[in-house]
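Letter by letter, the sequence shown follows residues -18 to -1, 1 to 402 in mature numbering (1 follows the signal peptide of the UniProt record, and there is no 0). Positions of the beta carbon are idealized from the N, C-alpha and C atoms, including for glycine. Nothing here was measured: the structure is a model prediction, and the numbers come from that model. Okay, structure first, notes after.
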Amino acid sequence: MTRFVALLALLCCLPASAAWRTVYSNNSVAVSMDESTWQVKGMQATLWTRDRYVQAAQADPGDFYFKSMNQQAQYACDRHTITPLLTVYYDLADQEIKRLNGDGKAIPVVPGSLEERKFNLACKVTPVGLVKENTPPPPGKPAAAPAGKPATGKPADKGKPGDKANGKKPEAKPGSKPEAKPETALTAASGPVAIEPPQGESTLSEAAQIRNLLQNLREDNDRYRKARNEAYFKPIRDGQFPRATVVTCADSRVQTPVFDQNPEGDLFMVRNIGNQLVNSEGSVEYGVRHLKTPVLIFVGHVACGAVKAAMGDYSEESRPIRKELDNLRLDKKLNLTDNVIRNVHLQVRAGMIKFEPEVKAGKLAVIGAVYDFRNDLKQGYGKLVFVDYNGETSAAKIAKLIGSSDSKPAAPAKPVKKKP
């Protein structure tokens, strides 16, 4: 009840020059539409009933995390109480994102950053599609205004004089209508929004964490299934014909979509700590010699915990962990990043030795790469950097062997083999 009262109080603070109607609401967020133009002008999140935040304008913008969720909206999270509070709105007239609660000093949450994981965990942000596109009323029949809010026919207010844009304009999606056109009905979300599951340190009980995780997995799987029809699974229903065997670290920050947006049936994945051949030799051999993949890729990553552990004293670890770390041959004089690269080179060399007949016959290429989610290699966040190609470590030569993505099209998908 307190949330409902607070939401009503917030909606009452909307500009008087627009006739607003709530078209979507739940316990966390409400989306409002301007009755005079039939366009979604803004999105407000429920204000919790605390004296400090009775009105959004009273809040200090430095107290919030902000995270862009789509082209129109951002969520804000109170840094002190770890509570989701409000959002910003997209101003159609100025084509800018404006905050209702401050002057742009709040810190945006960078996608993929630790702050984003803290945000998702603390604020429990799991929005799905919020609003469907609204159908305008027939000509000559203006929309009826909600009780107590007569339709004025005036355009929506651009926001309070103290509001400033955050300088970031939303990018138009290919094939979509420009948002600046007044005749385009905008929505706060174009469909389900996939949010990363909670990560990082949690204050929840173990039972609550387990329940939340299983619920997230179930919800993500439901969204996955709804986005794909039966035909999507037909090519992989009766067998697998992957194009590559990929050995990656078991680190949770290294996931298949980093280098393959549709990995089903495309990559034979093998994971272990330190992305090692010897620790998963049987699985790797199955991919290369039974599934006949023409490519074997070892993918290391920056800030690898296994490499870091192997560089130090791990004598207190359990026997199974010590056994896997013992196989890493590192140079303790090198820093962590250089040892990550060194380990990838060693795995490529081991793969070339084991599969020497295939490599010599030209039937197999053994590749080494490093996934950089911290920009330690200074080539950009999230970059997959190829560092080894059948023993060749020159970046220029590797680029030539692989080919330029700017000048050549991507390799076509491997055709599905039919059983004889």
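Cβ pair residue i, residue j closer than 8 Å
i	j	result
VAL322	VAL289	yes
LEU383	LYS336	no
LEU318	ALA351	no
GLY373	ARG331	yes
GLY247	PRO224	yes
GLY256	ASN325	yes
LEU249	LEU346	no
ASP358	LYS365	no
residue 406	ALA292	Summary: the structure shown does not reach residue 406, with the chain confined to residues -18 through 402, and so no result is reported for it.
residue 403	HIS272	The structure shown does not extend to residue 403, since the chain spans only -18 to 402, so no value can be given for it.
LEU328	ARG311	yes
ASN244	ASN309	no
Straight-line gap, residue i to residue j (C-alpha atoms, nearest Å)
i	j	result
MET334	GLU263	13 Å
ALA381	GLU212	38 Å
ASP295	ARG205	44 Å
ASP242	LYS314	33 Å
GLN237	GLY221	23 Å
ASN198	ALA189	14 Å
SER300	ALA343	42 Å
PRO339	GLU298	40 Å
ASN254	TYR371	21 Å
ARG356	VAL367	12 Å
VAL229	VAL266	8 Å
ILE192	PHE280	32 Å
LYS216	VAL240	24 Å
THR227	ASN194	33 Å
THR375	GLU201	43 Å
LYS208	TYR214	11 Å
ALA125	GLY362	In this prediction, ALA125 scores a pLDDT of 42, lower than 50, which makes its location untrustworthy; no coordinate-derived value is stated.
ALA378	GLY287	29 Å
PRO302	SER187	29 Å
ARG219	MET251	18 Å
ASP320	LEU196	38 Å
ARG235	VAL369	20 Å
VAL341	CYS231	23 Å
LYS274	GLY385	23 Å
LYS360	ARG210	37 Å
Per DSSP, cross-strand counterpart(s) of residue i
i	result
MET251	VAL228
GLY287	GLY287 pairs with nothing; no bridge assigned.
LEU307	LEU307 pairs with nothing; no bridge assigned.
GLY282	VAL352
VAL270	Looking at the DSSP assignment, VAL270 forms no beta bridge with any residue, so it has no partner.
ALA277	This sequence places Val at residue 277; Ala is not what is there. In the DSSP output, where bridge partners are listed per residue, VAL277 has ALA226, ALA347.
Range of the contiguous alpha helix (DSSP H) that encloses residue i
i	result
residue 403	Examination of residue 403 is not possible in this model, given that the chain is present from -18 through 402 alone.
ASP295	Per DSSP, ASP295 belongs to no alpha helix (DSSP H) and is neither H nor E.
Minimum length 4: unbroken alpha helix (DSSP H) runs contained in the segment 183 to 249: As summarised for the segment 183 to 249, the continuous alpha helix (DSSP H) elements at least 4 residues long and confined to that stretch are 188 to 208, 212 to 215, given in chain order.
Give the list of continuous alpha helix (DSSP H) stretches no shorter than 4 residues that lie fully inside the segment 322 to 395. Segments of the alpha helix (DSSP H) lying fully in the segment 322 to 395: 338 to 342, 377 to 384.
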